[in-house]
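Residue numbers (my numbering): 285 to 678.
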């Protein structure tokens, strides 16, 4: 059984074998039906990022940031800032540590500090940093400013990184934050706004990091409080009662986290700045766009107490992606392409009728389906792959 807090070794992958073709992966009961060159079968976390040795932590790099044209949204309304502080206050203890992502002009930062919180501001636009540091000098050490982009922590497939891109290990070691057992939670809350242009990909990265206990989740059950577009929020919270919005992202998010929509604000209350710290004019169409929802994502304490672990989570991802490719089809028609185990037997085990459709299954039903196949003793090979696990990383 996987033990929370233990080190997560690289996942056993097909690259461990010298032959390609139809075979089972040892100790996982997986069969692959496609001939795959071994060099193309590296694990999801075979690449470990490192900070460039010539860049000191916390210093501004003269190297140009790749996303120079990227536009970010910031909280610039004092009322929205007060709403965020009020919703976060709850049972928060005095002096709670808040990790604020891309604070920009610092409107929310000031509101958090006035509430008594200690704030670590991770700002990816160096044009905002001088003013933030000036604010930090006036609050007796309760604000620390770091040149870093939270949403680009631990980039995959890169060896060396340069601030504002960096590794979570370097960040948390610098802050003195140690890894906490999964059931004991996490000593800080994360607050921010998802990047508008990469919102969906960022949500997928967060879920991959969560299920694999990597990046920030390597240090514990981090609670994220994020402004998300209403469109993506509705998809994240969808279920069989809203079948048009229901998708694999919905199942993965709700299986892993308790999801609460804390408040909803019009997008007109959030100013957009270019990477140079310049305020962008809002286009007429943008002023009529959807609201932003302030969503709290709290990882479940019992996420890894059953069959699902950081070692087999990618099988769960694969199962869901395969099922939702034909969302209105009957589940019994999907099962033969997922597992060699008799489909009728599986349905009996999860107590579902033969005519149940994919969109009729709640997140808990999909988890039960995964556990039933994973724990089956009937077959040596429990799962069939007809595409790469790496394809889930979009």
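Every residue, glycine too, gets a C-beta built ideally from N, C-alpha and C. Please read all numbers here as calculations on a predicted model, not as lab measurements.
Residue i versus residue j - alpha carbon distance
i           : j           : result
residue 510 : residue 548 : 11 Å
residue 516 : residue 401 : 29 Å
residue 554 : residue 412 : 16 Å
residue 529 : residue 592 : 25 Å
residue 404 : residue 416 : 11 Å
residue 454 : residue 374 : 31 Å
residue 507 : residue 609 : 30 Å
residue 680 : residue 460 : Residue 680 is absent from the structure shown; the chain starts at 285 and stops at 678.
residue 633 : residue 588 : 21 Å
residue 578 : residue 636 : 35 Å
residue 612 : residue 487 : 24 Å
residue 263 : residue 393 : Since the displayed the chain opens at 285 and closes at 678, residue 263 lies outside it and no answer follows.
Beta-carbon contacts of residue i that lie in its chain and below 8 Å, excluding the five residues immediately before and after
i           : result
residue 620 : 627
residue 541 : 494, 581, 582, 583, 584
residue 655 : 590, 591, 592
First and last residue of the uninterrupted alpha helix (DSSP H) at residue i
i           : result
residue 506 : Note, residue 506: premise wrong, no alpha helix (DSSP H); not H, not E.
residue 604 : 597–608
residue 487 : 483–495
residue 622 : 615–622
residue 417 : 413–420
residue 625 : Premise fails: residue 625 is in no alpha helix (DSSP H) and is neither H nor E.
residue 449 : Careful: residue 449 lies outside any alpha helix (DSSP H) and carries neither H nor E.
Sequence-distant residues of the same chain with beta carbon closer than 6 Å to residue i, five excluded per side
i           : result
residue 650 : 535
residue 596 : none
residue 399 : 369
residue 661 : none
residue 644 : 524
residue 647 : 535, 538, 539
Beta-carbon contacts of residue i that lie in its chain and below 7 Å, excluding the five residues immediately before and after
i           : result
residue 513 : 483, 574, 576
residue 476 : 384, 385, 386, 434, 510
residue 681 : In the structure displayed, the chain extends from 285 to 678; residue 681 sits before or after that span and is not available.
residue 397 : 403, 423, 426, 427
residue 600 : 592, 654
Given residue i as reference, the closest of the options once Cα atoms are compared
i           : options            : result
residue 585 : 368, 486, 497, 448 : 497
residue 458 : 436, 485, 428, 445 : 428
residue 639 : 518, 618, 507, 539 : 618
residue 544 : 520, 430, 532, 525 : 520
residue 491 : 481, 480, 505      : 505
residue 524 : 642, 374, 436      : 642
residue 391 : 374, 364, 355      : 364
Helix, strand or coil at residue i according to DSSP, with G and I counted as helix
i           : result
residue 649 : helix
residue 401 : coil
residue 577 : strand
residue 583 : strand
residue 426 : coil
residue 556 : strand
residue 431 : strand
residue 454 : helix
residue 641 : strand
residue 318 : Confidence in residue 318 is poor, its pLDDT being 40 and thus under 50, which makes the residue's placement too unreliable to answer from.
residue 349 : Confidence at residue 349 is low in this model, with a pLDDT of 42, below 50, so its placement is unreliable and the value that follows should be read with caution. Three-state DSSP puts residue 349 in coil, outside helix and strand.
residue 305 : Unreliable placement is indicated for residue 305, whose pLDDT of 29 sits below 50; the coordinate value is still reported in the next sentence. Looking at residue 305 - three-state DSSP - the assignment turns out to be coil, as it is neither helix nor strand.
residue 535 : helix
residue 668 : strand
Residue i - containing beta strand (DSSP E), residue span
i           : result
residue 358 : 356–359
residue 541 : 541–549
residue 382 : 381–385
residue 519 : No beta strand (DSSP E) holds residue 519; the alpha helix (DSSP H) holding it covers 514–520.
residue 475 : 472–477
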